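Here's the structure we're looking at; comments come further down.
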Amino acid sequence: MDDDRKGSGGDVVDETGTEVVRLGPHTVQLRPENGGKYPYGNPLVVQGAERTAMLDACLHAAPVDVDLLLISHYHEDHTVAAGRCAGEVWVHERDAEAVRSETEFAQAMAVPASQMDRMREEFRWSPVPSAQAFVDGHVFDLGGGVRITALHLPGHTPGHSGFFIEPDGVVFLGDVDLSSFGPLYSDAESRIADFRATLDRCAQIEASVYAAAHHKGPYWARDEYLAALRVYADVLDERERKVLDLVRAGATTAEEMVGRGVVYRPGRRPAFADQVEVSTCGKHLVDLVERGIVAVGPDGAHTIV
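If you want the working numbering, it's the position in the sequence shown, counting the first as 1, plus 6.
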């Protein structure tokens with residue numbers, strides 16, 4: 007458990023080892039034993055007078071007895087068994103097709119057909135053709151004055167969203183997870199410019215509690231949250247500096263930057279490291295070209311302007 011997580015009182019551990027953390031009068035966080043590290047997560051459950059909502063569905067917390075499942079984004083660890091939810095399933099309009107369609111999901115995630123069986127088995131993944139789409143600012147009324155407002159926070163995925171819960175003053179940040187790994191933006195349609203705008207928006211959010219889908223928090227102190235957000239954002243800037251250094255050293259394409267420390271430290275690397283690094287370095291090069299810092303030639307080679 008992270009040292010920065012401070013309970014608000016009344017926390018309990020159920021028979022599965024899940025810690026039920028009370029974030030407000032109507033809101034709890036369901037934390038697994040590993041603190042929500044992938045492939046697990048830290049979903050929220052919000053109880054109104056008329057309806058109950060779950061924010062994300064995870065391996066240890068399937069959306070069984072809820073009226074609304076609000077998905078922060080289409081990734082497999084946030085949509086566990088979403089197709090079996092008896093209530094309404096909602097996701098931002100820009101991520102909706104990747105939830106509704108297996109083809110769109112696989113394309114967005116760059117998941118080869120050979121890995122879809124793992125998604126179906128490990129994450130109980132299935133398309134949700136009936137998933138409904140929200141936009142930024144959409145309000146879900148749960149009754150009794152309990153409301154959830156969608157906050158579009160793109161960059162991780164095009165439609166990645168957080169949720170603000172009233173009257174509890176709790177904000178759910180989804181995969182703006184404040185981890186030491188830093189922001190992840192390797193999906194096909196992820197954009198660094200979007201992520202930077204999201205980080206700016208997150209810094210402006212005034213809340214009583216800041217809760218992320220993985221790793222860190224919850225944070226009850228705004229100054230501690232902002233400090234964690236700055237450290238998280240610094241990782242993105244540090245990767246940009248490394249990419250620029252590699253361009254100066256003669257690595258002119260994303261492929262030439264793989265294994266050179268931009269995302270993963272040299273040494274032991276996860277099986278998917280090359281794919282993530284090619285995509286991440288490529289995103290930085292595109293962003294640097296868009297900002298006029300780097301130029302790209304007809305042969306695809308990049309140089310400092």
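Built from N, CA and C at the ideal position, the CB exists for glycine as well.
Quick caveat: nothing in here was measured; it's all calculated off a predicted structure.
- Query: How about Glu99 and Gly165: are their beta carbons less than 8 angstroms apart?
  - Reply: Going by C-beta atoms, Glu99 is nearer than 8 angstroms to Gly165.
- Query: Alpha carbon to alpha carbon, what distance is there between Asp17 and Arg228?
  - Reply: Distance between the alpha carbons of Arg228 and Asp17 is about 21 angstroms.
- Message: Taking the alpha carbon of Thr163 as the reference point, which residue from Glu103, Val253, Gly175, Val152 has its own alpha carbon closest?
- Response: That would be Glu103, whose Cα lies nearest to the Cα of Thr163.
- Leaving out five residues on either side along the sequence, give the residues of the same chain with a beta carbon under 7 angstroms from the beta carbon of Gly149. Within the same chain, Gly149 has close Cβ partners Gly54, Ala55, Glu56, Arg57.
- Query: Lys43 to Ala301, Cα distance in whole Å?
  - Reply: Inter-residue distance for Lys43 and Ala301 is about 38 angstroms (C-alpha atoms, whole angstroms).
- Task: Note down, in chain order, each residue of its chain lying with its Cβ closer than 6 angstroms to the Cβ of Arg153, except the 5 sequence neighbours on either side.
- Result: The beta carbon of Arg153 sits closer than 6 angstroms to those of Val145, Asp147, Glu172, all from its chain and outside the five residues before and after it, given in chain order.
- Would you call the CB atoms of Ile77 and Val105 closer than 8 angstroms? Yes; because the gap between Cβ atoms is below 8 angstroms, this pair is in contact.
- For the alpha helix (DSSP H) holding Tyr285, just list the boundary residues, first then last. A small correction: the amino acid at residue 285 is Ser; Tyr does not occupy that position in the sequence shown. Unbroken alpha helix (DSSP H) run through Ser285: 279-296.
- Item | Residue from Leu29, Arg37, Leu74, Gly30 with nearest C-alpha to Gly23 | Among Leu29, Arg37, Leu74, Gly30, the Cα nearest to that of Gly23 is on Arg37.
- Of all the options Leu159, Gly93, Glu244, Gly47, which has the alpha carbon lying nearest to the alpha carbon of Phe187? Of the candidates Leu159, Gly93, Glu244, Gly47, the one whose C-alpha sits nearest the C-alpha of Phe187 is Glu244.
- Message: Quick check on the burial criterion: 16 or more other C-beta atoms within 10 angstroms. Buried or exposed for Glu25?
- Response: With 16 or more other Cβ atoms within 10 Å, it is buried.
- Distance CB(Gly47)-CB(Asp62) smaller than 8 angstroms: Cβ atoms of Gly47 and Asp62: closer than 8 angstroms.
- Message: Can you find the residues in the same chain that come closer than 7 angstroms, C-beta to C-beta, to Gly89, ignoring five residues on each side of it along the sequence?
- Response: Contacts found: Ser132, Pro133, Val134.
- Message: Can you tell me where the alpha helix (DSSP H) holding Ala234 begins and where it ends?
- Response: Residues 228-254.
- Task: Compare the beta carbon distance of Ser167 and Gly180 with 8 angstroms and say whether it is the shorter of the two.
- Result: Judged by their CB atoms, Ser167 and Gly180 are nearer to each other than the 8 angstroms cut-off.
- Report the rounded CA-to-CA distance for Asp66 versus Ala59, giving the unit in angstroms. According to the sequence shown, residue 66 is His rather than Asp. Going by the C-alpha atoms only, they are around 16 angstroms apart.
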